[in-house]
Structure formats: C-alpha cells, structure tokens
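**Student:** Got a structure for you, written out below as structure tokens; questions coming shortly.
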Amino acid sequence: MKLDKLKIRRKKARPSYPIIEIRPNKTIETDVNRTKGFKSNNISTTKYTRYNFIFKNLFEQFKRITNIYFAAICVITLIPQVSPLSPVTSLLPLIFVLVVTALKEAFEDYRRYKADKLSNYTQYQVYRDGSFKLVKSKDIYVGDFIRIDNDQAFPSDILVLSSNLEDGICYVETSQLDGETNLKLFKATKETNSLTQEQILDLNANIECELPNNNLYKFKGKFTLQNDSSTFSLSEKQLMLRGARLRNTHYIIGIVLYCGKDTKLSLNQKNPPSKFSTIETRLGRSVIGIFCFKVVLVIIATILSSLFEFNTARDSWYLHSDFDSLGFTIVKNFVSYFAILSFLIPMSLMVTLEVVKVSQAKYMEWDVNMSYKENKKYEKQIEQPSTQQQQQQQQQQKQLMNEDKTTTTTISNGDIELSTIITKKEKSNIINKYMSVKNSNLNDELALIKYIFSDKTGTLTENKMLFSKCSINGTCFDDAMNLQLLGEINSKTKNEESIREFLLNMSLCHAAISDVNEETGKITYQSQSPDEIALCDCAKINQFEFINRSSTHAQIRVMGQDKQYQLLAIMEFSSDRRRMSILLREEEEEEEEKEEKEEKEEKEETDDGEDLSQSQLEIPIDNSTTTDIDGNLLPPTTPIPTITTSLKKKKGKIILYSKGADSIMMERLSEEESKSELLEQTKEHISNFSREGLRTLILAKREISEEEYLEWSQQYHEASTLIHDREAEIERLNDQIERGFRLVGCTAIEDKLQDGVPETIDYLLKANIKVWIITGDKQETAINIGYSCKLLVPEIPIIIINAESTEECGTQIKRAIENFIDPETQVDKKVSMVINGESLTFVLKDHSADFLKIAAKCHSVVACRVTPLQKALIVRLVKKSTKEVCLSIGDGANDVSMIQEAHIGVGIFGNEGTQAARASDYALLRFRHLARLITVHGRYSMVRNSLCIKYSFYKNMAFFLCQFWFSIYSGWTAMTLYDSWIVTTFNILMTSVPPYFMALFEKDVNEKVISKNPHLFKEVQDCHLFQYRSILNWLIGALYHSVVFFFGLYFFLDGDDIVNQWGRIGGKELAGSFCATFAVLSILLKAAVEIKHWNFIVHIGIWGSMVVYTVISLVDSSIITQIPNMYWVFLYALHLLKFYVMVIIMVFIALVPDFTLKFVRRHLSPTNSNIEQEKYILNRGKNINNRNIDEI
Amino acid sequence: MAIDKDSSKRPANTAFKQQRLKAWEPILTPGPVIIAFIVIGIVFIPIGAAIISASNKVLEHVIRYDDNPNCQLGQKCTINYTLPTEMESPVYLYYKLDNFYQNHRRYVKSRNDDQLRGIEVTDFSKLKDCEPLITTDGSEDVNKILVPCGLIANSVFNDSISIADASGSLINFNKSGIAWQSDIDKKFKNYPANGVGVINFSNFEDEDFIVWMRTAALPDFKKLYRIYHGDNGALSGTIQIRIDNKYPVASFDGKKYVVLSTTSWIGGKNPFLGYAYIIVGIICFVQGVVFAIKHKISPRVLGSPKYLEWNK
C-alpha cells in the first residue's frame, strides 16, 4: 500500500507527459522516445518477484499481530535463562504457519504471474524497422505504430490514425473497461483519416498528451505536424483504451500513447474497499480477551513465583538458587510465564481460517446448483435460422399475399424447424458457468443478512427484452413477433397504413448498431438499451429490417426493398429526457417505391398541415455535437445537411420519429391528438400492459416542413457554437422540436422474470430477510413486478408513499405509522410498502427516522423511479440506522455504488457487462442462486467457522491451562507438564485437523432440510452461534476440562506414585505423558461430540488424529539420543493397566457432562433445525420415491 | 480461447465438490443414548468396586522419621514399628520426601544425559544443561568437570534404610529391580573410572541413583528403595527400621518418611480412581434411568412439529 502511494506521488510530481516524437524511418536505437522515460508495456500485477518473495512476504506476514506475538514468544524461548520451553516448541509452529501462508501467497501470485505472462506475450503487429512485425505486447513502446485487426484487444492506449472504414471510424467494445457490451464508435481525426498507410508511416510529428489519469471518458492532446507546423487537437474519440476490443472493423492503424501502468485501465484498477465480517471482528476481540486473561494468569504466576523464589527456593539447598535481585526475578518470571502460556492463543487459527475460507469459496464456485447452463452462441444461432426462415417466408409471402391462413401455417412450420436447429446446435455449445467468489472473508457474514436490496432489470429479470404486444391505431396486437403485423399489412386491413408507420418508426428510431455477420450476411443488432434491440428485431421479423446507419444515412429494407433516409439529427435518449428522436429525410431511389410513397405522401400531407399549424412557433434545431455523458460514442449526428443537399432532394419529406416513456410522450402529442378517442384507447392499452408488468413505450412521429427545418437547423448551428450553456440551449431546441407529435402506436416489451425468482423471493421473505426492490420503473410496473415475483402478496396491505412535497411525504409516512404500528401492543401487522423516487428524496432529506420506523416493520419494500445514486443512499440509510447486515444485488454499472455500499455486494453476470460482478464480493449467474448462497453456503460457513474458532479456542485453553495448574505444584517455576515435542506438535499435527475438517464438512442440518424450511435461517441470522456468551461458554468448558485433566492426574497420583504391581514409581515425565494422553483424547472426542455431520473424511480426521498422537508419542519416547528425558516413557505407560483405567475415566469425567448437556438441551428445548433435521432423518429411508425436493 | 478456459475450469460433479459425501448425521435418538448411559453405569460401577477393593487390599504404612528425636541428622537410629496385620510379599520399601521440589524447573533441567550414559562430555556448550553445577568452581576447566554434573545428581538421597525383624536380624530387602528396566538398559552406564573431570562417583548403573534421577512430578513424592521378595515369609509383628540419617531437609521444611507397601494390579493404595469410576457410573446410570422415565412418561417425539417454535 505504502509503496503504491509513493509511486502515485512520484507520478503526480512529474510535471508533464513527455512529448512523443514521431519520426519516419526510426529504429529502436534511434527512437528518441526511448530515452524519455515512458513506462514500458510490461504488465506486472504480481505482488512479489522471484527474488524478493521471501523478504516481502515475511514483511507482509508480520503485519499480522498474532505473528508478531508468536515471534516475540520465539525470541523469549531463545533465551535459555528464562525460557521454560525449548525454542523449537514455538519456532516450529511459527515456521509452519508462515510457510503455509507463504505457500498460499506464492500460489496466488503465480496465478497472477501466469495471467500477466499471457497478456505480456500476446503478439501484435508493430511497425519496426520498415515493416510491420509481430511484437510481444510487453515490447510495445510509446510512439510505436501499431496495427490492430478485428476482434483484437488493444495492448495499450492507442491513438487511432486511420481505419479501413470511411472517415476513419471504427467500432470498439469496451466491456472490459466499463462493462458495457454495446459497440462504441471511435473516429480518427479528419487530418489523418484519409492518409494511406505509407503516408502515415512517413509522418513527422510531435504529439503532446495530458498526464496519465484514470478518467476513461476524457482525453486531451495536441498533434503537430513537423513539416508544416500545422496543429490539431486530439480528443477521447481518438483514444482506444487498453482492454477494449476492436469490432466490426478490419483494422486500424494507430500510435501508442500510454503504456503499461500509464494506461487508463491500469490507473483505474484499485482494490475494492475491504470488508470484514462480524465473526472476524468478534474473533479479534475474543483473542484480545483471551490475551488479557492470559496476562492476568501471568501476573498471578509471577507474584507467586517470586514469592516462592524468595522463600522456599532460597531455603532449598538442592536448588543452588542464585540470588537475583527482586526486580530481575519478577521480570524473568513474567517473561517465562508469558512464554509458557503463549499457546492459550491458538496460533494456527488465523491460517486455518484463511485456508478454510478459500476452501468454502471453492465449494461455492463448484456448486452445480449455483451454476447456469448458458448457450453462448444461443443468440446468434437463433438469429441465423430465423433470418433464413424469414427469407423463405418472404418469398412465400409474396405468393400467398392474401391468404392469411396459409401464412400462419408456414410460420408454425418455420417455428418447428427453428427450434430443432437450436436444439441441435445447443448441445455442442452449452457452457456450464459457475459463480465466483471475490471476497471469501464474508462467507459467514452471508448468514447474518437481514436486508436484501435488489435491482430489478437484469437481476430479477433476464434483461432480454422481447417484443410482446403493441397497440396501433386503437387495436391491440398480441402476436407481433409472429409476423402478425406483416400479415395485417398484406391483408390490407384498415390498419395497414398505421402499421406501416409503426414499423418504420421502430426500424428507424433508435441508436442501435447493426452487426453484419460476414459469412452468412445476417444482421444482428447491438445497442446500449436492450429495448431497442427488441424493437429492431420485431421490425425485422415483420420485414422492416434496419440495415445500417452511417453518419449521414440510414438504410432499411422494407419488404425486400432497400430504402434510404438521409440522417439529419439524432436526439439521444437520456434518463432525464426519457425519449429519443431521429430526424430524417426520405430519399427515393426506386420507382416502385416512389409510387408507393406518393400514395402515402398524399395521406401524410394532410397530417403535415396539422403539424405545421401546430408548430408555427417552434424553432428547428439540430444537435449534432451532443456527446453522451457516459462517453458512449454513438454515431455522430450530422451537422452537414446544407441547404444545397436539401434542395437537391427537395422531394424527400422531413420526418421526426420519436419514442419515449408514456408520461413524457403524452404531453408532447398535438392538441387534437391528445383529445382524440384513439389516445383514450391507447391509454387503456398502456395501463393494461403495465399491469402485466410490461415495459411500455409510445411511438410518435411528426412531419416537418422544409421551412421549419431550415430555421431549426440554423438555430441549431448557432447553438452548437455557443461556448457557455451550449448543452442547455441544445436541450431547449430539442424540446421545442419534439412537440406536436402524432401518435403512431405503443409498444409493450416484456422483460421476462428469471427462472425461480418468485420462489426465491418467497423463500427469502420466509427466511426473515427483508427484500427491497429498487427499480427505475414506474409505479404501476414496479407494483406489478412486485406481485409477479411474490414480493407483494394480495393478502398483505401496501402502503404507498407517493408525495410531491416534503410535507406531504411526512404526513403520508405518519399516517402509515399510525395505521400499521400499534403503539400499545407494538405488535405490527404485516405490511408492504411502495415508495417512489421523488418521495425518497424527501425521505432521505427530512424523514429518514420516521421512514425507517415503518420500513423496518415492512415485510417488503418496492422503491420505484429511483436514480442510481439514490440506490446507494437507501442502502446507506438502512445500514447506518438499523445496524443490520445488508446485501445488495445488481447487475449493471449503476448498481456498483449500491453493491459497494452494502455489507455484502452480490453482482450478477448480466447482459449489461461484468462491472457489477467485478465490484461485488460474490458474483452470481442468476438471482435464484442467491437463496442458496445465503441459506446454504452462508449458513454452513457460519456454522462451520464459528465452530472452528470456538473449538480452536477451547482446545488450546483446555490443553495449555494444565500447564498453569501444574505450576501450583512445581513451585511456580514455569515448568512444563508436557514434553516439548508434544507441545510443539499439539497445534500443528495432533489437533489441527479436526477444526479444519469442522470448517470444511460440518452441517448442522441437511441442505435438503434447509431448502424445505426457510424459517430455519432465523436461527443463524442473529449470530448467536458466535456471540461472546457462547464463546465464553466454550471457554468455561475448556476451563472445566483443564481442571479435570490436571486435578484428576493430581488425585490419582498424589501420595501414590506407584504405577504397577511391581511397585515402580512413575515420575514427572510419565505424569506428563498421562495428562497429555487423556487431554488430547478428550479434546479430540469433544470434537466428535460437537460434529453433527460425519463423512468418511471426518472419520479419518478425528480417529486419524488419535493415531497421529499415538505415533508422535511413540516416536517421542524412542529416540534416546535426541529426547533422552522422554525415552521409553510413553511405551512404559502403554504397559500399565493403570494408564488405560485412568485414560478411560478421565475422558468420561470430561465429556459426560458435555454430552449430557447437549442431549438435555436438544430434548428439552430443541431448535427448529433440530426438529426438522430429525424429521428428515426419520423419513429419509421411508419415501425416497415420493419426495421431490426442490433444490434451491 | 475463453471457452476452452471455461471448460478446463469446469468442476467435476463429484460428491466431494458438491458436498454430498455420504455422511452419518447422528440426531441423538433417546433410545440409544439412554441405553448407552445405563450400559456405562453397569460397566463402570463394578470396575470402580474392583479398583476400590484392590486398593483396600493394599497395605501401606507411612512412618515419618526425620522428626523422631532419636533420628537427628547425622545419627543412626532404629525405629520400632508394629505392623497391625501381616504383609504378604512382595513388600516394597519406599522413602518419601515432602516439600521437595524435584519438579523445579532449574532442578529438572540440570542434568546431562550423555554423561549419565557414560560418555565423557567435555563440550561446555553441552554441559550447560548441568547449570549451575558444571565444574567444581564454576570455571570452564575440563579437568574440573563434575561427574556427575547437575543439581539432580548432586542431591541424591543418601539416607540408608534397612529393616530388621523383631529379633534384630536383617530382613533381606532386595535392591535390584527398583528402577525402570529401560533406564537400566539404555539411559545409564557407568562413567569410565579414569574419565575426565572430578569424579564424585562413577557408578551410574546403581539403581538407587537411577531411581533418584527419574524426577518426581509433585513436591511430595516417594521413591522405590528396596523390595522384599518374601524370603522370610510374610512381614508381621514388630519390625525395626534402621536409618542412617544423612540427608538434610529441615532447611526447607521437608519431611522424610519410610513407606512399606504391598501392591495390587492397579498399583498402590489409592481409592480415588475407584471412587471416580463408581461416581461416574452412578451418575450415568441415574441419568439413563431418569431419561428413560422421562421418555416413558412424556416422550419427546423426534421430529414432531409440536416442538417447533411457533407451535409452543
């Protein structure tokens, strides 16, 4: 971290980015750029290098407090005067811990290294020594000419000079950068886009760039040609960023501007905020608590030992006491006891936990029940056959013009074929995708969730928009995707003309980009908005196929005939405007069409008249230089329509097509239209559509007279040259022309709910989790979605807060509180709430306390018309004031703030890119996996980690407290009861496996039980498994056990050291061996008492650990040269009948109370999960066939 | 590329990875638990009784002698002691010390096992174990190395005890077999008589020495001294305990005893173990019975929904 900061500071200190000099015929040797200290393009994301690994890793590891603590203990043990233990006892476990952690780090770093290598060694065509050569990415340098081919990724930030397309445009996919999958248009400057490759390579120029920064959407630069000193400026439209990919363009030629760490991608890569789980915090505090307990023990021991030293020891001639000063004695004893009791703190716990959490994360990632079979090529496959089909149909159509019935049969035939084709292809392309865990620290936190904040589009729904219904001319069509509209046109019904208009509008009025498959010639569409794709697809199916749109023209194919429009302006969609419009001029090329058009024109002229009369006051405008704030470089609108061109093609009519949200568009209809019966009918249709949860759009058009257009475009040009308030002025002009529309129709797009969403939400609600849906939809749609995903239930009343002023909002909330919260009984009725974005602003400002009072009681909340910023604010409000654990789930870039704000962020890999997934802690594929993630994996992680931690505390306390008790009888001399090898291996070999296996395999209830009983989640939700009280209970248990172990030993040996019928005496080593044996056995059996889920690995772990103990003890007692004091001791014990008799009774004395308590508790006050688990176990054998368990 | 990667990462649908390994999920069914408790009771109570009876059969006589006015330090004395009952052979003779911290850290560590195995250790870094008694004067002079070195070896209990019958003739108490066989075989070998250092004594194979070197766990301990194999039949009546009192304990309030004891299969006289078995046995048995009665009267039906929280 610190190093990074330093680097950044150094970077900031650099006054300016050096000038990049482009010289013809340069070689690597003569390239002056090489001497200017640009960053190389070698990417290294590894933490360590081969050489600094050991030191840097050790440095990192010793940031952890427990490691410092144990290192200090090691130092103590190295001083023989004070050390009660041999240095190995603490050194070996510490080394073990350090090595395990280092191995883990090394493994992770190696993976990063491999990924780096992959990108560093990808080859690119770079101009070197007179020709384009394949050069490894890491050798690319600032100032190099580079050629990028289609579908290649950019290795660094590159200035585009020209492309194979006209005007030097090129399409780029930036999903790696901002998560948006739609193509964006970039354009070389006009000064370079017409140059040939030779001319470019011959350039003699200087490029000045701004300092590297992380703003993806801004770039400023200056390009100076040395020949004539002409200068032109560069902008973000010419800068292709590392990580993006070239699409739909054969090649581009560019100059490398920023390399490696200077690229915007690198500068944008920062670590997400680190989050810690509740367990982790409590664990830290518990360790501190244990440490304090230990210090108290050490102080007691120090006092007593100093007293002993100055009384008894001094009088004991056999001890030859050296008479140290009091102060020295105290320090010495303190340090000794500090070391001897060091293991009260479980040293390996931190490592165990880390490994365990990674393993748990792996379980999640492996989980087939959280995987999703995705057919990657699915969309393309469906596209291809359908277009083939369409062409066939098109021919058939012409033959069977007037026979509706036949048409429909062909369609159904087509459908069957289509589906068979898909299934055939599907088999080969199924990819089973798995979720991924970004932050395994939070595994157990998942079990504590009380609130879920969910985005709607793409999270609850597929975000695959399907054209569902439409209303044209007062008629509702349900089956537009099955050529119904085309059929209507062909059958020349009264609606024909309206339908034509409707389809034209759909195929023209959008910002989608067409993508032509070179092999098949089939067209697919790409757009920022999936809705537009749905509209285009629908138009295409109905034979109004959008083909292409250049910066000047738009091309469509209507019923097999190409038709071209001159593109005059695009008024883009924005969330404020909530509409988009396109201004076009018809161009007629074929005679046939002309005739058709003329017919149409006659009709339309009448409309024109109305329009004109309507719009006399309006001023025509154009908005050619509007740039999307998001940097989505949509095809630039044409500023070019000069008077000459418009005069040449005077015949073409100017039409403004528009579509938008109903509330916005209704206001903009012409006066007559807004009073007409048609509008009433359409309104009714719209409200029907909304009630079904469909997304509605109103399509409208307006014809604009030549005069009006000229005036408007002039005004527009004036506006576009303004320096101040340009955008506001353009917006005003847009607003003026987008009025007086004639209603064309209304579309309803279905965004299908994902599979299992209602079930999942129902499950989550039953699991006592409050679910909030936060959506930008309008209230009706939101309520509807709420019902369809079971968030809202008819039986439960809904509070609707829909206020226009802060006062109104306050009163509405107060009324809700009065109605639904009984002040006397405090028993609240179940209730849901719907609140809109506007009211939320008031709530967030003025009424947050009142709002939370009611919201916290609500079963579920739907917030509609919410802006992305508000999403995060809501989460923050709830998080801060309820102090409950919140989870946010979303799929789009607009959910990122919400995901990062919540305790746990869950991203969905969606159609809107992977940005949300990358910012999240857990990235899922489907919403329905959330329930499993939380209630199965979260619950298990909680159960496992808390058991693992508590058990680790317990085992060390129970085992090592005996050392303290022994002090009472050893004159407080910090003598160890156990042999040092037993102490050494206790944590790393004998008892390390059970906690680890607990944390891997323990299940308190079967997952089938969980899936059937959502209410069981309440048990883990309040974290009672890891409350301080429960930890304390375990520690008290440990205290009891240690007392049993030691004082049992004491009473069974006191006054009687005779161990067998031969009258032999045992001695200290034998006593230690006795105590270690029954302590280790009891501790392992304690694990057995606690474990509820025994698979064969757990069996191996527990019983194996006993074998390990025996083997270690045997080895310990058979090496006379190295461990003389323990020689034969354990073997001797094994020969003693008394040994077995003692071990058995000790284990029982220790564990019978534990077991009895457990049994009594389970039988007198069983938890719900106990009962459900019993039910499950008892019924398991009986009716396997009848049960059909829904996996969640 | 990406697809290949995905498929190579595709996890196998194995029972392990899906956490579906066959497992035993015990639910503490009352039946087996009750039976287990009762069985434990039935097994433990007799064991306990057997241990107690074995312990009771052990005859143990503890005779303190350091406070005997006749047995001042440096004196030889005879204590007459009357055995109330016959002691069948073998009878084990122990000496017992109280308040003697053989388990003191400095004391326990202070020995050199190599030296005790008869090896001439001259490396002072190894001899450091023997602190604070390494050389006679604390210097690092090889010729002044104490043999044996260390606190334990230099504080060997040196009172001599012998037993005579009422008539005054010595009863044959045997010295061999008082130490662990493993110690005799491997851990102790005589030091070369002309070895390096100041040799106090070199007979490390002496069993009294070996017994002393196996340090006691607690400050009150006894050590096996002699064994009577029954050459003269059972011990009975009055015996004379002859003591040569040389070992000072008064400075640290120590006490010295002579202990005569028989043994049983479980060792010496110690009723605690037997009581522990009986108590645990009774508790388990009673618990088993109580649970059984409770189960009979108002059974807690496994998996019954009436225990679910909201049904209460």
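Protein chains in written order, with the UniProt record's numbering: chain S, 1 to 1192; chain H, 1 to 312. Heads up, the beta-carbon is just placed ideally off N, CA and C, and yes, glycines get one too. Bear in mind that the values here come from a model prediction, so they are computed numbers and not experimental data.
Any chance you could list the alpha helix (DSSP H) runs of at least 4 consecutive residues sitting entirely within the segment 184-234 of chain H, in chain order?
**Tutor:** Listed in chain order, they are 207-213.
**Student:** By Cβ distance below 6 Å, which residues in the same chain neighbour D183 of chain H in space, the five residues on each side in sequence not counted?
**Tutor:** Along the second sequence, read from residue 1 onward, the residue named residue 183 of chain H stands at position 183. Cβ neighbours of D183 of chain H beyond the five flanking positions: I210.
**Student:** Please classify L203 of chain S: does DSSP put it in a helix, a strand, or coil?
**Tutor:** Taking the first residue of the first sequence as position 1, residue 203 of chain S is located at position 203. It is coil, neither helix nor strand.
**Student:** Assess contact between the segment 235-253 of chain H and the segment 195-204 of chain H, defined as three or more Cβ pairs (one per stretch) separated by less than 8 Å. Is contact present?
**Tutor:** No contact exists between the segment 235-253 of chain H and the segment 195-204 of chain H.
**Student:** Run through chain H and tell me which residues come within less than 9 Å of Y1127 of chain S, C-beta to C-beta.
**Tutor:** Within the first sequence, numbered from 1, the residue matching residue 1127 of chain S stands at position 1127. Going along chain H in sequence order, the residues near Y1127 of chain S (Cβ under 9 Å) are D113, S182, D183, K186 and K187.
**Student:** Could you check if Y657 of chain S is buried or exposed, using at least 16 other CB atoms within 10 Å of its CB as the buried criterion?
**Tutor:** The residue given as residue 657 of chain S occupies position 657 in the first sequence. Buried.
**Student:** With a threshold of 8 Å between beta carbons, is W981 of chain S in contact with chain H?
**Tutor:** Against the first sequence, residue 981 of chain S aligns to sequence position 981. No, its Cβ sits nowhere closer than 8 Å to a Cβ of chain H.
**Student:** If you drop the 5 nearest sequence neighbours on each side, which residues of the same chain put their C-beta closer than 6 Å to that of T985 of chain S?
**Tutor:** The sequence position of residue 985 of chain S within the first sequence is 985, counting from 1. Only I1112 meet the Cβ criterion.
**Student:** Taking its Cβ as the centre, do 16 or more other Cβ atoms sit within 10 Å of L73 of chain H, making it buried, or is it exposed?
**Tutor:** For the purposes of this step, residue 73 of chain H is taken as residue 73 along the second sequence, with counting starting at 1. Exposed, since its Cβ has fewer than 16 Cβ neighbours within 10 Å.
**Student:** Using a Cβ cut-off of 8 Å (strictly closer), state whether I297 of chain H contacts chain S.
**Tutor:** Taking the first residue of the second sequence as position 1, residue 297 of chain H is located at position 297. Chain S, which has no Cβ nearer than 8 Å to the Cβ of I297 of chain H, makes this no.
**Student:** Mind listing the chain H neighbours of G971 of chain S? Cutoff is C-beta to C-beta under 8 Å, in chain order.
**Tutor:** As a first step, residue 971 of chain S must be located in the first sequence, where it is residue number 971. Correct list: Y101, N103, H104 and P219.
**Student:** Grab the span of the alpha helix (DSSP H) containing Y763 of chain S for me, first residue to last.
**Tutor:** Numbered from its first residue, the first sequence carries residue 763 of chain S at position 763. Its alpha helix (DSSP H) spans residues V757 to K766.
**Student:** Between F173 of chain H and chain S, is the shortest Cβ-Cβ distance under 8 Å, so that the two count as touching?
**Tutor:** Numbered from 1 along the second sequence, position 173 holds the residue referred to as residue 173 of chain H. Not an interface residue.
**Student:** Under a CB-based cut-off of 8 Å, is Y92 of chain H close to chain S?
**Tutor:** If you number the second sequence from 1, residue 92 of chain H lands on position 92. For Y92 of chain H, a Cβ of chain S is located within less than 8 Å of the residue's own Cβ.
**Student:** I need the straight-line Cα distance from F1074 of chain S to F1052 of chain S, nearest angstrom please.
**Tutor:** For the purposes of this step, residue 1074 of chain S is taken as residue 1074 along the first sequence, with counting starting at 1. For the purposes of this step, residue 1052 of chain S is taken as residue 1052 along the first sequence, with counting starting at 1. F1074 of chain S and F1052 of chain S have their alpha carbons spaced roughly 11 Å apart.
**Student:** Apply the 10 Å Cβ neighbour rule to L460 of chain S and answer buried if 16 or more other Cβ atoms are within range, or exposed otherwise.
**Tutor:** Counting from one through the first sequence, the residue named residue 460 of chain S turns up at place 460. So L460 of chain S ends up on the buried side.
**Student:** Please confirm whether L161 of chain S and I255 of chain S have their CB atoms less than 8 Å apart.
**Tutor:** Numbered from 1 along the first sequence, position 161 holds the residue referred to as residue 161 of chain S. Numbered from 1 along the first sequence, position 255 holds the residue referred to as residue 255 of chain S. In contact: L161 of chain S and I255 of chain S (Cβ atoms closer than 8 Å).
**Student:** T122 of chain H CB to nearest chain S CB: under 8 Å?
**Tutor:** To locate residue 122 of chain H, count along the second sequence from 1; it is residue 122. Output row for T122 of chain H: interface = no.
**Student:** Mind checking whether D1004 of chain S and I749 of chain S have CB atoms under 8 Å apart?
**Tutor:** Within the first sequence, residue 1004 of chain S is the residue found at index 1004, counting from 1. Within the first sequence, residue 749 of chain S is the residue found at index 749, counting from 1. No, the pair does not count as a contact, with Cβ atoms beyond the cut-off.
**Student:** Less than 8 Å between the CB atoms is what I'm expecting for R242 of chain H and A164 of chain H, so what's the real figure, rounded?
**Tutor:** If you number the second sequence from 1, residue 242 of chain H lands on position 242. If you number the second sequence from 1, residue 164 of chain H lands on position 164. Rounded, the Cβ-Cβ distance is 6 Å, consistent with contact.
**Student:** Taking only runs that begin and end inside the segment 515-563 of chain S, name each unbroken alpha helix (DSSP H) of 4 or more residues, in chain order.
**Tutor:** Fully enclosed alpha helix (DSSP H) runs of no fewer than 4 residues occupy 530-541 of the segment 515-563 of chain S, in order along the chain.
**Student:** Does the CB of E1174 of chain S have a neighbour CB from chain H at under 8 Å?
**Tutor:** Walking along the first sequence from the start, residue 1174 of chain S turns up at place 1174. For E1174 of chain S, the answer is yes, since a Cβ of chain H falls inside 8 Å of its Cβ.
**Student:** Thinking T302 of chain S and I345 of chain S are a contact (beta carbons under 8 Å), I'd like their distance in whole angstroms, please.
**Tutor:** Taking the first sequence and counting its residues from 1, the one referred to as residue 302 of chain S is at position 302. Taking the first sequence and counting its residues from 1, the one referred to as residue 345 of chain S is at position 345. The C-beta distance from T302 of chain S to I345 of chain S rounds to 18 Å, too long to meet the 8 Å contact threshold.
**Student:** Since K39 of chain S and C259 of chain S should fall inside the 8 Å C-beta cutoff, what is the C-beta to C-beta distance between them, to a whole number of angstroms?
**Tutor:** Your numbering for residue 39 of chain S matches position 39 in the first sequence. Your numbering for residue 259 of chain S matches position 259 in the first sequence. Rounded, the Cβ-Cβ distance is 5 Å, consistent with contact.
**Student:** Of all the options S:R578, S:S574 and S:L567, which has the alpha carbon lying nearest to the alpha carbon of R585 of chain S?
**Tutor:** Here the question's residue 585 of chain S lines up with position 585 in the first sequence. Among S:R578, S:S574 and S:L567, the Cα nearest to that of R585 of chain S is on S:L567.
**Student:** Just verifying my parser: in three-state terms, what is the DSSP assignment at I95 of chain S?
**Tutor:** Reading the first sequence from its first residue, position 95 is the one you call residue 95 of chain S. Three-state DSSP puts I95 of chain S in a helix.
**Student:** Indicate the three-state DSSP secondary structure (helix, strand or coil) for N463 of chain S in the structure shown.
**Tutor:** As a position in the first sequence, residue 463 of chain S is number 463, starting the count at 1. If DSSP states are grouped into helix, strand and coil, N463 of chain S belongs with the strands.
**Student:** Could you tell me the boundaries of the alpha helix (DSSP H) in which R128 of chain S lies?
**Tutor:** Working through the first sequence from its first residue, we reach residue 128 of chain S at position 128. No alpha helix (DSSP H) contains R128 of chain S, which is instead part of the beta strand (DSSP E) from Q123 to R128.
**Student:** Going along the chain, which unbroken runs of the beta strand (DSSP E) with 3 or more residues stay wholly within the segment 800-841 of chain S?
**Tutor:** 832-836
**Student:** Give the single residue among S:V831, S:K184, S:K814 and S:W772 whose Cα lies nearest to the Cα of E795 of chain S.
**Tutor:** Indexing the first sequence from 1 puts residue 795 of chain S at position 795. The residue with the shortest Cα to Cα distance from E795 of chain S is S:V831.
**Student:** Would you mind listing the beta strand (DSSP E) stretches within the segment 20-74 of chain H that are 3+ residues and don't spill past its ends, in chain order?
**Tutor:** 60-64
**Student:** Comparing C-alpha positions only, which one of S:V1009, S:S550, S:K950 and S:W981 sits nearest to C170 of chain S?
**Tutor:** Sequence index remark: in the first sequence, residue 170 of chain S carries index 170 (1-based). For the residues S:V1009, S:S550, S:K950 and S:W981, the minimum Cα distance to C170 of chain S belongs to S:S550.
**Student:** Would you mind telling me which residues of chain H sit closer than 8 Å to G1067 of chain S, beta carbon to beta carbon, in chain order?
**Tutor:** The sequence position of residue 1067 of chain S within the first sequence is 1067, counting from 1. Under the 8 Å cutoff, chain H gives R214, T215, A216 and A217.
**Student:** Under 7 Å Cβ-Cβ, which residues of chain H neighbour A1071 of chain S?
**Tutor:** Working through the first sequence from its first residue, we reach residue 1071 of chain S at position 1071. Under the 7 Å cutoff, chain H gives A217.
**Student:** List, in order along the chain, the chain S residues whose C-beta lies closer than 9 Å to that of G118 of chain H?
**Tutor:** For the purposes of this step, residue 118 of chain H is taken as residue 118 along the second sequence, with counting starting at 1. Under the 9 Å cutoff, chain S gives no residues; its nearest Cβ is about 13 Å from G118 of chain H.
**Student:** Name the two residues that bound the continuous beta strand (DSSP E) containing A748 of chain S.
**Tutor:** Looking up residue 748 of chain S in the first sequence gives position 748. Run containing A748 of chain S: R742 to L753, per the beta strand (DSSP E) assignment.
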